[in-house]
Each structure stands twice: as C-alpha cells, then as structure tokens.
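Top to bottom, those sequences are chains A, B and C. Residue 333 in this note's numbering sits at position 333 of the first sequence, and the numbers go up by one each step. In this note's numbering, each residue carries its 1-based index in the second sequence increased by 436. In this note's numbering, each residue carries its 1-based index in the third sequence increased by 794.
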Amino acid sequence: MRLLATLLAGLMLLAQMAVAQNGPLRLEITDGVIEPLPYAVPDFVAENGSAGQYASDISRLIAADLSGTGLFREIPAKAHISQVTNFASPVQYADWKAINAQALITGAVSVSGNNLEVKFRVYDVFAGQELGSGLRFKGTTDGWRRMAHKVADEVYSRITGEGGYFDSRVVFVSEMGPKNDRKKRLAIMDYDGANVHFLTDSSAIVLAPRFSPKGDQVLYTSYETGFPQVFVLDVGSVQRRALQNQQGTMSFAPRFSPDGRNVVMSITQNGNTDIYTMPISGGTPRRLTNSPAIETAPSFSPDGSQIVFESDRSGTQQLYVMPANGGEAKRISFGQGRYGTPVWSPRGDLIAFTKQNKGRFHIGVMRTDGSEERLLTASFLDEGPTWAPNGRVIMFTRETQGASGGASLYSVDVSGRNLKKVMSGASDPAWSPLQK
Amino acid sequence: MHIGHYISGAAHLGLISWALFGGAFQSDPPPMEVTGVSMVSVEEFNAILNTERAPFPETDVDTPVAPDVSEDGPAMASEADTPVPTERPQETATTDPDATPDLSDLAAPQPAEVTDDAPTLTPPAEEMAVLIPRDVVRPTARPAPRVAPEPVAEPAPDTVIDDVVREATTPDDSAGQAVEEPQEATAPEAATTEIVTEAKEQPALAPKASMRPVLRPPSRPTPTSSGANVAAGADAAVAAALAEAETAAAPSGPPMTQGEKDSMRIAVQNCWVVDVGGQSSNVTVTVGFSLTREGKVDGPVRLLSSEGGDEASVNTAFQSARRAILRCQRGGYKLPIEKYDHWRDIEITFNPEKMRLK
Amino acid sequence: MSGWTKAVLLVAGMTLAACSNNDGLFGNDSASGAGSGAGAIEPGSVNDPTSVAYFQQNVGDRVLFLVDQSTLTEEARMTLLAQANWMLENTDYVAVIQGHADEQGTREYNLALGARRASAVKEFLVSRGIASNRLNTVSYGKERPLEICSAESCYAQNRRAVTVLTAGLGS
Numbered sequence: 001m002r003l004l005a006t007l008l009a010g011l012m013l014l015a016q017m018a019v020a021q022n023g024p025l026r027l028e029i030t031d032g033v034i035e036p037l038p039y040a041v042p043d044f045v046a047e048n049g050s051a052g053q054y055a056s057d058i059s060r061l062i063a064a065d066l067s068g069t070g071l072f073r074e075i076p077a078k079a080h081i082s083q084v085t086n087f088a089s090p091v092q093y094a095d096w097k098a099i100n101a102q103a104l105i106t107g108a109v110s111v112s113g114n115n116l117e118v119k120f121r122v123y124d125v126f127a128g129q130e131l132g133s134g135l136r137f138k139g140t141t142d143g144w145r146r147m148a149h150k151v152a153d154e155v156y157s158r159i160t161g162e163g164g165y166f167d168s169r170v171v172f173v174s175e176m177g178p179k180n181d182r183k184k185r186l187a188i189m190d191y192d193g194a195n196v197h198f199l200t201d202s203s204a205i206v207l208a209p210r211f212s213p214k215g216d217q218v219l220y221t222s223y224e225t226g227f228p229q230v231f232v233l234d235v236g237s238v239q240r241r242a243l244q245n246q247q248g249t250m251s252f253a254p255r256f257s258p259d260g261r262n263v264v265m266s267i268t269q270n271g272n273t274d275i276y277t278m279p280i281s282g283g284t285p286r287r288l289t290n291s292p293a294i295e296t297a298p299s300f301s302p303d304g305s306q307i308v309f310e311s312d313r314s315g316t317q318q319l320y321v322m323p324a325n326g327g328e329a330k331r332i333s334f335g336q337g338r339y340g341t342p343v344w345s346p347r348g349d350l351i352a353f354t355k356q357n358k359g360r361f362h363i364g365v366m367r368t369d370g371s372e373e374r375l376l377t378a379s380f381l382d383e384g385p386t387w388a389p390n391g392r393v394i395m396f397t398r399e400t401q402g403a404s405g406g407a408s409l410y411s412v413d414v415s416g417r418n419l420k421k422v423m424s425g426a427s428d429p430a431w432s433p434l435q436k
Numbered sequence: 437m438h439i440g441h442y443i444s445g446a447a448h449l450g451l452i453s454w455a456l457f458g459g460a461f462q463s464d465p466p467p468m469e470v471t472g473v474s475m476v477s478v479e480e481f482n483a484i485l486n487t488e489r490a491p492f493p494e495t496d497v498d499t500p501v502a503p504d505v506s507e508d509g510p511a512m513a514s515e516a517d518t519p520v521p522t523e524r525p526q527e528t529a530t531t532d533p534d535a536t537p538d539l540s541d542l543a544a545p546q547p548a549e550v551t552d553d554a555p556t557l558t559p560p561a562e563e564m565a566v567l568i569p570r571d572v573v574r575p576t577a578r579p580a581p582r583v584a585p586e587p588v589a590e591p592a593p594d595t596v597i598d599d600v601v602r603e604a605t606t607p608d609d610s611a612g613q614a615v616e617e618p619q620e621a622t623a624p625e626a627a628t629t630e631i632v633t634e635a636k637e638q639p640a641l642a643p644k645a646s647m648r649p650v651l652r653p654p655s656r657p658t659p660t661s662s663g664a665n666v667a668a669g670a671d672a673a674v675a676a677a678l679a680e681a682e683t684a685a686a687p688s689g690p691p692m693t694q695g696e697k698d699s700m701r702i703a704v705q706n707c708w709v710v711d712v713g714g715q716s717s718n719v720t721v722t723v724g725f726s727l728t729r730e731g732k733v734d735g736p737v738r739l740l741s742s743e744g745g746d747e748a749s750v751n752t753a754f755q756s757a758r759r760a761i762l763r764c765q766r767g768g769y770k771l772p773i774e775k776y777d778h779w780r781d782i783e784i785t786f787n788p789e790k791m792r793l794k
Numbered sequence: 795m796s797g798w799t800k801a802v803l804l805v806a807g808m809t810l811a812a813c814s815n816n817d818g819l820f821g822n823d824s825a826s827g828a829g830s831g832a833g834a835i836e837p838g839s840v841n842d843p844t845s846v847a848y849f850q851q852n853v854g855d856r857v858l859f860l861v862d863q864s865t866l867t868e869e870a871r872m873t874l875l876a877q878a879n880w881m882l883e884n885t886d887y888v889a890v891i892q893g894h895a896d897e898q899g900t901r902e903y904n905l906a907l908g909a910r911r912a913s914a915v916k917e918f919l920v921s922r923g924i925a926s927n928r929l930n931t932v933s934y935g936k937e938r939p940l941e942i943c944s945a946e947s948c949y950a951q952n953r954r955a956v957t958v959l960t961a962g963l964g965s
C-alpha cells in the first residue's frame, strides 16, 4: 500500500517536472481601467531672484493644462513627501511612489531682464527612469504662458505618445446683447480662454471664422457690404479684404485647403447654394457641385484629396464626400435625423458633425466612411464642432433656449469624456494648429 | 401474550424517547456564515449617483510600503538640452482607432468574490431607490471619474483612495489574517463599467450593478495544494500554504489552476490604464518578465511583440503595460510558492480592443 | 367769354387733370383718400398709398413659411400679389427681399434656407411683372429673429421673407 502510494507520488512528481519545462505562464488581459493618470508637478525651481513668481505661475499653468484634459490628475503639493530644490538633484523615486504619483515633472526657471528660460524633465516614477530627455525653452517674459503650454505639450506627448494641443489659439465670435439684437465681433484667444483680443468691431454681423493652416489668416463671413460675403483677415495686422464680391450673390462657409492656397466655400446665386473653390489670392470661383439642393459647410481632408460637405439633395441634410476637384459625391450619413457642419479631423481618421434628431442637437463623430457613428453630447442646441490640433478634443457652440438664451463655447474629449465650458458669450469656434 | 406487551412497550418507549430526544440525532444545520453587509445611507446612495471627483489621497504615510532601495536615478546625467523646441510632427496617421457606439449589456460583477453578499445586498438597493424623491437631479456628468471592469461603490468620504480595500484593522481582526500594524481604511476609487457620455440615456435611479461592499476585503481563490491542509479563509489559506509548502515537496509542483492564473490576471489588470481616445488603444503588446519567489518583478519588463500602431503608440502601449505590472506588484504578487517554476517567467498580452468599445 | 378767360379755364383744367391720382390704386383698398378732400392725406404717412408705411402696414411687407419650407403658401401668394401691384404702381422703388429662418438648425444651412425663401418671393414678384433688376435678395439665416422665445409660436414668426423698399431709380 505504502509502496503504491510512493510510486504514485513519484510518478506525479515526474509528470509535473515534465510539465514545468513547458515555458512561461501566458496570460491575456483585455479589461483595463480608464482613469486619469496621477502626476506631480512640484513648483519649478526659481534659479534667480526675479524668477520666483514666474516659476510658480508656470508650474500651475502646466498643471491646469494637464488636469484639464481629464487624462491626468494632479497630486497636490501638500501631499508631496520630498521637495525639489535643485533641478540637478537625483529623484527620490520611493517618495513619489509612496504618494502614488506615476509621472513626475520637475523644472527650473530663470529670468534676466525680459528674457525667460524654462527647463524641465519628466519621469516615469514606477519604472524609475526619465521619460525622454530634458528640454530648455527660451523666450521673453510676456510669453510665459506659451512656454508653460509648450512644456505641458511635451509632457503630454511623452506620456500619451501623441501630439499635444496646449500651445494653440481659438478664433471665435464674441456675442453680446439680447437674442433679437445680438452684437457679434471676431475675437481670438488662447485655447484655455486667456488673452482674448478682438479682431473686428461689432458694426456688422460676422460668422464662423476659420484659421489658415499656418494660423496666420482667418476666413470668415461678414455682412459689412450688406450681404453675407467671405472676407480674409490677417491675424497679425488685423487687415481684411473681401475675397470676392460679385453682385447678386452671397458667399459663406469658407475653409482653407490644407496647403493654404485655395478656399472652398458656398456661393448662393438665384436662391441656389452650391460649393465653389477659388485661390486665396483672388480670381474667379470654380463650381464643384451643381444641384438644385443646398450644398454647404465644406471641409477638406488633411491630405487635401477630398471634401466632406452637407447637402439636402436626398430630402434632408446629410453628409457627403467628394474628390477635392468636384465629382461624384458619396453619402456617408445614414442614421435617423439630420446631419450638418462636417469637419474632418486633423488625424484624418474621423469626421465630426452636428446631428439633429427629435428636437435635440448632438455633436458626434464617425469614421470617414460613415461607420461607427458616436454621439458625444446632447442638448437644446449644439453645433459647429472644431478639432484640436491633435484630433483628440472637440470644441463647439452650445446655445441655451428661451428668450434669455445665450451661446457658449464647450469642449469635449473624442471619447465623450470631460465635457466642459470654455467661455460664455461666444460662438463659432475654430482651433488653430499647434503654434511653432 | 407477553411478547405483544414487550413489543408494544418498546415501541411506545421508542416513540416517547424519539419525541423527547430525537432532535439530538438530526444533523446541525450548516453553520451560519455571518458577514458584514454595508448599509448605505440615503446620502451615500445619492452620492453614488451624483459622484463628484473622488477626494485626493491624504498625506498620511503610515500605510506600509516595501521600500525599494534598489532604484536610484541614473537619470541625473543631464542630457543635452535642446535650445529651441522643435516642431511637432504632423499627425497624418490614418489608423482607425475609435469606438463603436452601443454598449452591450453590462457583465454582472464577478460572483467569485461576493457570492454571499450579492443576493443580500440588492434588496436594500431597491428599497433605497424607492426612497429617493422624484425630483432628484439626474446626473448630467459621468457618474464616476474612473472606468473599470467592475463597478465600485463610492467609498466612505474619509477613506484613503488606494487600489486595495482594507478596513482599518484592529489587533483582534476576526478573519484570521496575520495581524498587521493598524492601518487606515482604504478603498478603491469609485468606478463604473462604462463611459457615460452626455448623449447616452440618463442612467436609471438604481445603480445598474450591485455594489461591491466596501468593508469586506476581497477573498482570493483558494489554491489547491497537494500536501497542505486548506484552512477556511482565503488569505489564511495562502499564508498557511506558503508556510507549509516551504517544507513541502519539490519546487516544480502541480500546474497552475485557472483560478490562480485568473488571480494574476486580475491583479495586473486593475493597474492597466488604457487611453481610449488615443492611438495607443489600437496597439496590442506582449511583454515578458520574471518574478522572484516573493512574487516581485525581477529584472526588466521586456517588450516581446506588438501589433498595430506606429512606433510612438507602440511605445506608449508598452509603457502602460509595464507600469501596470510594476504598480500592482506591491509587496509581491501572491502566487503559490510550490508552483514557482510555473510562474517564474510570465508573458502577458495586453489587448485593448474591447476597451475601445466602452 | 374773352380768349384770355378761355385760356385760364383751359390751364386750370389741365392742372387739375395733372394732379389726379393714378387709377389703379382705388380698386384695392378702402382706405384711399377718395372720399375726403385731397388736402387731408399726409404724404409719407400710412394713409398715403404711395408711402412705404402704407406698404408695410396695409399691403403687408412679409410672408411666413412652414418649417424647412421655402414654398409659398396661399396666404403668402395673396400678400405678394398685393406687393407686386403696389410696386407696379410705385415704380420709384427698388426692394431688397430678406430671407430668414428660425433657430432650429445649423448656421450655414439656415443661411441657405433663408436665401431660398427670399428667392421664392423674388421669382413670384418677377412673374407678376416686376422688373428683375428692381429686386435684390439677401439671407440672414437665423441671425435676426423677431421673436425670441424658443417655441413654435415664435419660430413661426421668424420664418419669414421681408420686402424692404428703398427709393431708387427703377427703369
């Protein structure tokens, strides 16, 4: 009996040893979590006397940029165990692990006269090493916000692997007054609402401004001639001119081509609205669509080869894609309701749009062939999406209902998370490319 | 004649004694397991529906953490600092990341950890639902900042946010665990199982899935061990098994059970953060690493292979996978020591395809 | 009678004839000044059939549309008929037809819809004999609502085409 037991045990042992040589344990994980990444950005070190305020302001702005994305969560200073007093000192990873910071940003600022220099490093705390290498930015003191945004963009892109969007601007229409006497004027601001400047006065209605690919010009629609016409404005000099002013026509909904040389827009003649293109330098508009239906809101793909637009040729507003030179248009929207204001993402993978269904408005995205439609918002009136330069965030206009209703700018992540208000009394936003 | 009397008498005696003492022969009903059920107050229930950001972790450093003395920043050699920022490369990748619209039904929470509690918990939730007045503000924001495979109830307001549920332990802890130093109550951050955008239907007043009870530490699946006597109480069992197995048979041991593999998978997946809006959520990576006998990562975590995405997004996906493995080890992954040969080397494939649909 | 008296009488007669009003106006409306003396009509006021105010109040300077429609309703056609007749009588005016939409739509589409409405009005007036170069169209989309509540009662008033007269050389 005992012999049998021992024999069996021995056999089992042999068997297990054989099995044990089978190689590593293999697992597949398909269910993770979606949560903001905890990080710490202790105040940057002020390397000389006058840098103190800048160091602290820059650190706070970096934190606001990162936390504002909804992808990062700051661990506040009062939770920090060790302090960073010298940019060159080694990092005590254990101290940052203890407070659960997964990323650490350290930096230093120095000021001399009007010149400002900012250095920073990013660390992956749990891997115990630096992420990428340190960088130094040089600029002037009144550009401190842009420097902070550039640091935040670097941090963001090292951790997410994608481009950032913090050093960018938004052009929009500033609105004042009651609904039946709205005063509108063009304005420009940093993406986070700082540094607002006006580009026109409110003597004429202005609508839907759009940036050039370099961010140096703005196309928009103005009633200053008494009729809606497309104008071009130079952002630096604030000089403007009408793009074309043909008698008896109206033009609106302009957009630049990705190479910045051409403009695509709607022109209405004899009550019929179609899509035309012409060089930014001027000339005769060339017709791209030719139908008795309303064709408007054109938007180029980032490679310049296609245009997405809205048309009601099927009876209701839907989205269509056609080659950039005109030609056969393919419908891409098929859900319930009406689709308008399509905008191609700078990443080329998605098209954002406004959808109206059962009395509600939504901002949504779909793939460029119309599949995988997803709605991101729902309200009384949402419209006019614009993409951040990295294609991950959308800003749009939200109007509230009723006699006292007003327009505000909102932004939302492409996953639908992190919906938040950017500015009140504003509409028709357009996001600039990342600034150089 | 007398026989009849005897039989009758015996029978009567039997009947009487059975009536009096028969109870003694019945087997006892199985011992009642009494477990703590967290009762949720109306305020807490409302808080679950209207969850704001979870509070930031407190500073208290008493939570014991195995100090890692081995790290030491080589990063200090100050690298060449570029004087001027270079241009961000244009994003023209045409990979298709993003998600599909509709949610399939939520998976019910894993029963393994809460078998005794789940049935008893739901009735209070329903009653609570009735108590809430109709004009409670329906949440317009997402119910929780965190999305995880299992829903987690909002912890009591003064618990420290941590990935492990612990109650504030006192020296006479009844679960039979090895006594640890007194700790603060900790609980995972509140989480839901899906991204709720504004465009989706308003969530029902009652939570869709029953809440995990806050106070009960999760039980781990009991590993089978050929030699040791398995004690009741999971952690105790592992501790006991560990203790006994030290003296037990050869290191090769029997193969890992599915339950043990699952425990490792679950341990890591809770720390695996997926960036669903980004390109890296298109990338599947397989990483390899080794563990010491204590279950701690030994040596580097290596990228073995990847699928999809460009170089930058593969790198991001790898970093995320590596962080998950390093963060969740804590004092060491809890795996049966006698099967060490089976789990010394591990390869994990991280596939975010399902996550994109959330 | 002397030749001179005859001449005076003749001149007076011609003067009177020159001062008489156009015939076409009397057929339309009871508010004409036919009954009262010619001196009681203030030029430019609502009572003056040649005034813009008259056009706005009595002829009707606007027509309304159904949701998403730019086709003319029966009521609209009647108003536009009156407008056409007035403009045929008062050839000194040109007009800009403003098309509008309610707020239940996106900005560009509403601009185009307003343009369609204005154009529908212009086509009708042209078909009734108004010279095309007397009419211009413009669209304000949803930018100039009249009524500001967010309900159908207000929306109905905002879906309109307004004929705005300006004095100018019509030829």
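Where a beta carbon is used, it is the ideal one built from N, C-alpha and C, also for glycine.
In whole angstroms, give me the CA-to-CA distance for residue i and residue j.
i	j	result
A/Tyr-165	A/Lys-150	9 Å
C/Arg-871	A/Thr-289	31 Å
C/Gln-863	A/Glu-295	16 Å
A/Ala-40	A/Glu-154	15 Å
A/Ser-174	A/Ala-430	13 Å
A/Leu-233	A/Asp-428	16 Å
A/Glu-438	A/Thr-225	Nothing about residue 438 of chain A can be read from this structure; chain A reaches only from 1 to 436.
A/Glu-35	A/Glu-74	12 Å
B/Val-710	A/Asn-325	40 Å
A/Ile-105	A/Ala-242	48 Å
B/Leu-762	B/Gln-705	12 Å
A/Ala-88	A/Leu-186	46 Å
Give the DSSP-derived three-state secondary structure of residue i in the structure shown.
i	result
A/Ala-407	strand
A/Ser-168	coil
A/Phe-126	coil
B/Thr-785	strand
B/Gly-450	helix
C/Thr-885	coil
A/Thr-225	coil
C/Ala-895	coil
A/Ile-445	Residue 445 of chain A lies beyond the stretch modelled for chain A, which goes from 1 to 436, so this question has no answer here.
A/Trp-144	helix
B/Gly-713	coil
A/Gly-337	coil
Going by the CB atoms, is the gap between residue j and residue i shorter than 8 Å?
i	j	result
A/Ser-281	A/Arg-313	no
A/Ala-208	A/Ala-253	yes
C/Ala-950	C/Gln-892	no
C/Tyr-903	A/Gln-317	yes
A/Gly-416	B/Ile-773	no
A/Lys-330	A/Tyr-339	no
Could you pull out every residue in the same chain whose Cβ sits closer than 6 Å to the Cβ of residue i, ignoring the five residues on either side in sequence?
i	result
B/Asp-698	none
Which residues in the same chain have their Cβ closer than 8 Å to the Cβ of residue i, if we skip the five residues on either side of it in sequence?
i	result
B/Gly-745	Thr-531, Gln-715, Ser-716, Asn-718, Val-719 and Ala-753
A/Asp-259	Pro-213 and Gly-304
A/Arg-145	Leu-61, Asp-190, Ala-194 and Asn-195
A/Thr-85	Val-45
B/Phe-786	Trp-708, Thr-720, Val-721, Thr-722, Val-723, Ala-753, Ser-756, Ala-757 and Ala-760
Within the segment 934-964 of chain C, note down every full beta strand (DSSP E) run reaching 3 residues or more, in order along the chain.
The segment 934-964 of chain C contains, as complete beta strand (DSSP E) runs of 3+ residues, the segments 954-961 (chain order).
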